[in-house]
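4 protein chains.
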Amino acid sequence: MRTAIVGASGYTGAELVRIIARHPNLTISALAADRNAGREFHEVFPAYRNLDLPPLKKFQDLDMSAVDLAFCALPHGTSQEVVAELAKSVPVIDLSADFRLRDPGAYENWYGLPHSQIKLQQQAVYGLTEFYREQIAQTRLVACTGCNAAAGLYALIPLVAEGAIDLDRIVIDLKTGVSGAGRSPKETSLFAEVAEGFQAYSVAAHRHMAEFDQELARFAERKVHVTFVPHLLPQNRGILATIYVVGDSAAIHRTLSERYADEHFLTVLPLGSHPSTRHVRGSNFVHIGVVPDRRSGHAIIFSALDNLTKGSSGQAVQNANVMLGLSETAGLEFLPVVP
Amino acid sequence: MRTAIVGASGYTGAELVRIIARHPNLTISALAADRNAGREFHEVFPAYRNLDLPPLKKFQDLDMSAVDLAFCALPHGTSQEVVAELAKSVPVIDLSADFRLRDPGAYENWYGLPHSQIKLQQQAVYGLTEFYREQIAQTRLVACTGCNAAAGLYALIPLVAEGAIDLDRIVIDLKTGVSGAGRSPKETSLFAEVAEGFQAYSVAAHRHMAEFDQELARFAERKVHVTFVPHLLPQNRGILATIYVVGDSAAIHRTLSERYADEHFLTVLPLGSHPSTRHVRGSNFVHIGVVPDRRSGHAIIFSALDNLTKGSSGQAVQNANVMLGLSETAGLEFLPVVP
Amino acid sequence: MRTAIVGASGYTGAELVRIIARHPNLTISALAADRNAGREFHEVFPAYRNLDLPPLKKFQDLDMSAVDLAFCALPHGTSQEVVAELAKSVPVIDLSADFRLRDPGAYENWYGLPHSQIKLQQQAVYGLTEFYREQIAQTRLVACTGCNAAAGLYALIPLVAEGAIDLDRIVIDLKTGVSGAGRSPKETSLFAEVAEGFQAYSVAAHRHMAEFDQELARFAERKVHVTFVPHLLPQNRGILATIYVVGDSAAIHRTLSERYADEHFLTVLPLGSHPSTRHVRGSNFVHIGVVPDRRSGHAIIFSALDNLTKGSSGQAVQNANVMLGLSETAGLEFLPVVP
Amino acid sequence: MRTAIVGASGYTGAELVRIIARHPNLTISALAADRNAGREFHEVFPAYRNLDLPPLKKFQDLDMSAVDLAFCALPHGTSQEVVAELAKSVPVIDLSADFRLRDPGAYENWYGLPHSQIKLQQQAVYGLTEFYREQIAQTRLVACTGCNAAAGLYALIPLVAEGAIDLDRIVIDLKTGVSGAGRSPKETSLFAEVAEGFQAYSVAAHRHMAEFDQELARFAERKVHVTFVPHLLPQNRGILATIYVVGDSAAIHRTLSERYADEHFLTVLPLGSHPSTRHVRGSNFVHIGVVPDRRSGHAIIFSALDNLTKGSSGQAVQNANVMLGLSETAGLEFLPVVP
């Protein structure tokens with residue numbers, strides 16, 4: 475199956491290339507990157523010099539007739555028009571935030587601009603594969619989850635669905651690597667502004683909170699308002715969510731273990747163990763741990779994933795596999811890189 | 475005033491040297507470091523080659539008659555005997571955990587060994603200067619607070635004392651730099667085990683929790699059991715505590731601002747702002763921020779300090795200043811190093 | 475083909491597992507790790523929790539009858555006896571320094587202990603695959619090159635063989651990531667001793683210099699004494715060698731380009747370009763660049779590889795492929811991880 | 475003495491604030507930062523929240539009548555006009571490259587634009603304090619050296635002046651921390667582009683080479699063309715120059731030791747020792763080491779300094795002290811921060 479990658483010169487674009495170039499069933503037939511149009515991909519990412527890839531083009535110059543599925547890895551806002559255009563000819567996997575929120579009003583609230591593709595929005599399936607597998611198999615537009623949202627939702631959805639925790643007392647303290655901020659030059663992403671420092675950002679106001687609201691409400695069948703504080707880690711990749719809940723730790727652990735027993739990419743560690751981002755770095759795995767608090771009836775849940783892989787591009791390929799009827803794990807078996 | 479530093483070859487020992495060597499009223503008259511006895515200090519820390527320092531000796535070879543005050547920067551457990559010996563001749567500032575807990579039973583519970591200096595323990599004053607100033611001025615033994623405990627207590631003590639927050643719903647999610655683990659070789663402190671990775675440690679079981687229990691109970695006048703999860707940051711210095719509380723954010727901010735209005739080293743940021751460890755790195759300052767959660771009646775408090783400075787050696791010198799009747803800020807005005 | 479990994483709990487052992495677990499023709503049938511015998515591999519490296527691996531055993535408890543080839547990833551000195559024992563039953567790939575030097579006197583000089591397996595030494599083939607392919611295919615013992623030596627030799631061997639540079643004026647300034655120092659706890663490998671600092675080590679005295687002496691002399695057919703200074707980088711993986719030579723840069727570039735035109739893992743960048751360790755991280759590729767100095771007749775050559783992959787475990791698997799008659803690139807096509 | 479800092483919102487500007495705020499004889503009377511005019515300095519650098527500083531203004535709004543000396547920390551090119559304006563009223567210390575090269579033609583060659591202040595250029599003194607002390611004391615314009623140039627020149631000037639090394643065989647392999655690239659957002663300075671990677675930049679073409687050419691020729695009394703390759707380190711601060719020379723290591727060591735015997739900020743380590751950037755981090759010290767190569771008649775010289783301190787802002791204050799007739803070390807005695 476031939477794929478196109480639109481927005482190929484960002485980090486999620488490069489991660490798509492890394493994965494698809496070794497995928498047994500997918501090939502890369504077209505690459506778009508507006509600012510870098512006319513260059514070879516390896517001029518933008520010299521790490522992939524050894525690959526035989528099509529040149530970077532402007533989006534409008536892509537030949538979509540030679541493509542079976544498109545990945546769109548553009549920033550939110552700019553994605554809408556491009557996805558709409560792509561969706562006319564091929565199934566689309568969008569890695570941006572533009573089609574994640576089912577409610578256009580919520581989109582406008584959180585992202586500060588009206589949604590221009592409301593009809594298309596209604597067809598989009600939220601890309602958390604393990605919970606939307608059947609719908610993904612039948613749609614032509616998947617909206618991949620936010621990387622932070624994915625880390626939290628994997629830990630929480632089974633628990634809110636089963637009523638295993640107090641829905642009004644959920645605190646998500648999340649830490650994420652810098653690559654999540656993308657490759658565009660910003661003062662806050664400079665090495666000298668990040669290394670040897672640590673702080674929160676978008677405190678209690680991060681846009682991925684809209685995904686928590688939407689998905690937790692859906693599975694809890696009532697409103698759920700988490701407290702959510704993300705922090706920026708001085709490292710390239712990796713998200714660790716530390717989640718404080720009120721509930722029985724053994725029941726929580728059992729609920730998660732049972733729910734994910736057959737999920738290839740989701741590992742629930744033994745009760746009392748907790749994960750590190752280094753244990754999933756560069757892979758499509760999620761490691762979840764549950765540790766009882768010393769106060770009985772309270773528990774701490776940890777969820778670790780790689781923001782560029784399971785948090786975006788690996789997830790995207792997993793969804794593509796489902797959409798295209800391939801083995802869901804195809805091309806995603808590469809292991810974490812340690813150290 | 476002449477000081478001795480016992481345990482000079484660890485990171486807190488080196489930080490004491492960095493501070494005292496430029497202190498207007500203190501000098502370094504004796505340095506003890508058992509394993510490195512016989513060497514020059516700059517052989518162990520070449521950064522301090524330009525200083526004129528006494529050679530490293532074994533503790534028992536120190537001439538305490540030429541010393542006015544001693545700092546003891548040994549690991550817990552080994553400190554007790556040494557502090558007892560030092561205390562016979564001079565006032566002592568202990569940077570270990572050995573004399574922090576007033577209840578010897580609590581010490582035995584948390585540290586796994588009986589306390590051998592129970593009488594001396596009863597004279598020890600907890601070294602959180604801003605709350606124990608008067609007692610510090612009158613004692614001969616100060617037990618400096620744990621670095622993690624300091625970060626949390628500065629944010630919490632005024633609030634529990636004033637009843638500004640729900641005492642049963644305090645969650646402390648703390649992140650600390652690697653230097654807090656000390657200089658002894660351990661696999662978990664290796665660069666290749668820490669860099670590009672992030673995880674919690676001692677989840678809900680860290681020994682500094684005993685200090686939270688002790689101090690919060692004292693100021694709240696009832697038991698307070700926080701949930702406390704520390705994490706290891708891939709950076710050398712700095713602690714950020716993110717504290718989730720139930721209470722009115724404006725009242726919380728006002729309480730902290732008023733309490734610390736006259737405290738030189740404690741800065742409460744404007745309501746809604748939050749600190750970074752990089753803003754206090756290498757300095758004796760603490761930055762505290764209060765941000766309202768989107769759920770009214772909930773707030774997030776951030777507390778940032780440098781674990782080696784305000785978290786241990788800077789705090790120790792501040793306490794020494796108080797004990798010796800010097801200006802409390804003497805020698806501690808050096809600024810953060812950015813970047 | 476079934477393989478055994480002896481010394482599986484170090485970084486090169488883990489990298490062998492990462493590679494072989496996804497190798498199309500090799501399986502892992504036995505794992506030895508003396509200190510960790512009795513544990514599961516994923517207890518030592520939780521990143522590999524999802525693999526189905528044999529338990530860690532003591533070396534002497536391995537059943538070699540079920541093994542077709544053994545990798546030995548022990549420290550130098552301890553390898554000799556183990557390799558001798560392994561070699562009785564299976565072909566062996568040794569990742570240590572013990573069998574790299576053909577001259578036992580050189581071994582004793584550089585490593586400070588006499589060689590105990592002189593006869594076996596004589597059969598060992600130096601594991602720089604691209605230069606010893608035929609001998610590797612026919613031997614039962616391959617001694618993988620040192621990671622630093624590999625970085626330098628790939629740049630230099632074609633040039634000294636062709637007489638393209640002045641043999642008496644070669645300066646190798648090399649920088650290597652921390653994982654090259656291994657996983658055993660040492661003060662100099664601590665995060666707080668490495669991060670935010672940079673320095674040389676083993677200046678003009680590093681043991682890999684013995685490999686430069688041996689191999690450059692062989693290909694130059696005369697003695698060649700390089701100046702060699704390695705430095706320790708604050709990063710996990712990657713080696714960059716910056717090599718200063720006297721010779722015509724265009725001729726140097728042409729010589730290298732021609733020599734490596736058909737070598738899958740060796741890429742010579744366009745004249746004037748130079749590589750980064752990040753472009754080969756986690757992969758088996760080597761990137762080589764040649765840049766003319768402003769002084770005509772002088773050139774700078776850069777060579778970048780991943781010390782754990784092409785510098786040791788990837789190289790080892792490449793050699794195993796050759797020994798076993800498999801495709802040389804089998805299992806080694808995984809791409810660099812960026813960022 | 476009252477000072478102004480123009481270009482206060484960059485890293486060298488912040489480092490000037492850090493130093494001057496604690497200087498016994500200097501005060502900060504004016505701060506200019508065009509883009510940030512109207513803000514408080516601590517809004518740009520929250521680390522300096524505790525200082526009482528004037529607000530940031532546009533350059534043209536500064537009241538120079540209340541200033542005794544100005545520091546100009548603007549990028550090259552933009553500095554010329556500003557320095558010319560400042561120089562009308564006060565002595566000026568320029569931290570940019572604009573007045574370093576005595577030959578306007580060389581400036582135009584290396585920086586790609588004609589010099590607009592040729593007359594002022596002729597009065598400028600090169601700011602390498604230890605070699606231009608007397609001229610600095612008498613001029614009204616000091617052009618601080620480039621940070622990379624400083625690292626190399628401290629090691630080389632005494633040797634070329636004394637003829638202790640072969641002038642035609644000097645190789646400078648230099649590694650520098652990221653803060654040297656400044657605070658403006660550039661893709662190449664992003665955390666995710668720098669961390670866990672290492673590469674050279676401006677190979678054999680870096681502009682600081684013009685300073686080597688100028689200064690080495692002056693002290694050698696003939697042309698000297700070094701080979702110079704800088705590399706970018708994944709760390710905030712610090713430069714290490716590794717310099718390969720032909721000459722007798724003992725004579726080299728003796729020459730440097732004698733030359734710097736009375737220089738407060740320059741330390742020559744014992745023969746055979748070599749420095750780390752971590753040993754000078756955050757300080758105004760330079761550590762120089764000489765190690766004999768195994769090839770007799772060849773030596774390796776190491777020079778380590780902090781690019782923001784001795785490499786720019788500390789050097790600038792040292793020059794200000796000289797210009798103003800203060801003690802040369804005033805305000806510069808702060809020690810390295812370790813770790």
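Protein chains in written order, with our numbering: chain A, 475 to 813; chain B, 475 to 813; chain C, 475 to 813; chain D, 475 to 813.
Backbone N, C-alpha and C fix where the C-beta goes; we use that ideal spot for every residue, glycine too.
Keep in mind it's a predicted model, so treat the numbers as computed, not measured.
* Residue ranges of each beta strand (DSSP E) run of no fewer than 3 residues wholly in the stretch 507-534 of chain D, ordered along the chain? -> none
* To do: Just confirm the distance between the C-beta atoms of A760 (chain D) and F739 (chain D), as a whole number of angstroms; I'd bet it's less than 8 Å.
  => A quick correction: the sequence has Val, not Ala, at residue 760 (chain D). Yes, V760 (chain D) and F739 (chain D) are in contact; Cβ-Cβ is about 6 Å, under 8 Å.
* In chain C, which residues lie less than 9 Å from N781 (chain A) when you measure between Cβ atoms? -> The contacting residues do not exist; N781 (chain A) stays about 11 Å from chain C at best.
* Measure the C-alpha to C-alpha separation of S663 (chain C) and Q673 (chain C) and round it to an integer number of angstroms. => Their Cα atoms are separated by approximately 12 Å.
* Give a yes or no on whether the minimum CB-CB distance between H772 (chain A) and chain B is below 8 Å. => Answer yes: the Cβ-Cβ gap between H772 (chain A) and chain B drops below 8 Å somewhere.
* To do: Just the chain B side, please: which residues come within less than 7 Å of P810 (chain D) by C-beta, in chain order?
  => In chain order: A521.
* Asked: When the Cα atoms are used, what is the spatial distance from A715 (chain A) to L730 (chain A)?
  -> 15 Å
* By a C-beta neighbour count over all protein chains shown, 10 Å radius and 16 as the cutoff for buried, is E604 (chain D) buried or exposed? -> buried
* Asked: Should I592 (chain D) be labelled buried (16 or more other beta-carbon atoms within 10 Å of its own) or exposed?
  -> exposed
* Anyone know if the C-beta pair for A629 (chain A) and I762 (chain A) falls short of 8 Å? -> Closer than 8 Å, so yes.
* To do: Name, going along the chain, the residues of the stretch 532-559 of chain A whose beta-carbon falls closer than 7 Å to a beta-carbon of chain D.
  => none
* Under the three-state reduction of DSSP, which class applies to S483 (chain D): helix, strand or coil? -> For S483 (chain D), the secondary structure class from DSSP, reduced to helix, strand or coil, is coil.
* Mapping DSSP to helix, strand and coil, what is G626 (chain B)? -> helix
* To do: Starting from the C-beta of V634 (chain B), find all residues in its chain whose C-beta is less than 7 Å away, skip the five residues before and the five after it, and write them out in chain order.
  => L641, L690, F693, A694, V698
* Asked: Which one or two residues does DSSP pair with R476 (chain C) in a beta bridge?
  -> C:T501
* Asked: Between which two residues does the alpha helix (DSSP H) carrying H589 (chain C) extend?
  -> No alpha helix (DSSP H) contains H589 (chain C), which DSSP labels as neither H nor E.
* Skipping 5 residues on each side, what residues in its chain have a beta carbon closer than 7 Å to that of L800 (chain D)? -> N499
* To do: Mind checking which residues open and close the alpha helix (DSSP H) that includes D767 (chain A)?
  => Unbroken run through D767 (chain A): none, as it is neither H nor E.
* Residues of the stretch 487-503 of chain A with a CB closer than 7 Å to any CB of chain C: list them in chain order, please. => A488, R492, A495, R496
* Asked: For chain A, is any of its Cβ atoms less than 8 Å away from the one on L707 (chain B)?
  -> yes
* Asked: What are the boundary residues of the beta strand (DSSP E) that includes H772 (chain B)?
  -> 772-779
* To do: Select from the stretch 641-655 of chain B all residues with a C-beta closer than 7 Å to any C-beta belonging to chain A, and list them in chain order.
  => If the cut-off is 7 Å between Cβ atoms, the stretch 641-655 of chain B has V645, D647, K649 near chain A.
* Which residues bound the beta strand (DSSP E) around Y718 (chain D)? -> 713-720
* Determine the burial state of G756 (chain D): buried for a count of at least 16 other Cβ atoms within 10 Å of its Cβ, exposed for fewer. => buried
* Asked: Between E670 (chain D) and the rest of its own chain, which residues show a CB-CB distance below 8 Å, the 5 nearest in sequence each way excluded?
  -> P708
* Helix, strand or coil: how does DSSP classify T741 (chain C) here? -> Of the three classes helix, strand and coil, the one that applies to T741 (chain C) here is strand, per DSSP.
* Do you know how far the Cα of L587 (chain D) is from the Cα of Y600 (chain D)? -> 20 Å
* Asked: Can the beta-carbon of L548 (chain A) be found less than 8 Å from the beta-carbon of V480 (chain A)?
  -> yes
* To do: Would you please state the rounded distance, in angstroms, between the beta carbons of A638 (chain B) and G579 (chain B)? I believe it to be under 8 Å.
  => Actually they are not in contact, since the Cβ atoms of A638 (chain B) and G579 (chain B) sit about 31 Å apart, beyond 8 Å.
* Asked: Excluding five sequence neighbours on each side, which residues of the same chain lie with their C-beta closer than 6 Å to the C-beta of A506 (chain A)?
  -> V480, K531, F533, L536
* Asked: Is DSSP giving D687 (chain A) helix, strand or coil here?
  -> helix
* Reducing DSSP to helix, strand and coil, say where I644 (chain A) ends up. => coil
* Nearest chain B C-beta to G671 (chain A) closer than 8 Å, yes or no? -> yes
* Does any C-beta atom of chain B lie closer than 8 Å to the C-beta of Y628 (chain A)? -> no
* Asked: Would you say C546 (chain C) and S563 (chain C) are within 8 Å of each other, going by their C-beta atoms?
  -> No, Cβ-Cβ distance for C546 (chain C) and S563 (chain C) is not below 8 Å.
* Residues sharing a beta bridge with Y600 (chain A), DSSP -> A:A617
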